[in-house]
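Structure record follows, encoded as structure tokens.
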Amino acid sequence: TLARFSLRIPFAANVIFFYAFNLKSSLFSILPTSDAKETSKLTKDREDREYTKRIPTWTPPGIAFVFGWPLLTFGLRAFTAAMIVQQSGRYATP
């Protein structure tokens, strides 16, 4: 009976939906993050032993990660999920 009311959602709308879902799950993660106490403790340890950071010359600037992570990771996840929905015709299996 539900097969009569089949609604086909456009591929682009599915990509946007899954991208937004990935972004939401990343911003509101239930996993614990490091707190300020641990960070200040690490900083003091580094200062005590005169920590010098060696970075390769080919390393991209830090801002590249800020834009690259959401675009590539979330984008690929969203695109792949939308392809699966398009192929199977449903979001979940009963």
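Here the numbering used here runs 5 ahead of the position in the sequence shown, where the first position is 1. Even glycine gets a Cβ: it sits at the ideal position worked out from N, Cα and C. No experiment lies behind these values; they were computed from the predicted model shown.
Distance, Arg13 Cα to Gly94 Cα: 8 Å
First and last residue of the uninterrupted alpha helix (DSSP H) at Ser93: 80-93
Anticipated Cβ contact below 8 Å, Gln92 with Phe16, distance rounded: Actually they are not in contact, since the Cβ atoms of Gln92 and Phe16 sit about 11 Å apart, beyond 8 Å.
Beta carbon of Tyr24 nearer than 8 Å to that of Gly80: yes
When Tyr96, Ile89, Phe84 are compared against Ile21, the one with the closest alpha-carbon: Phe84
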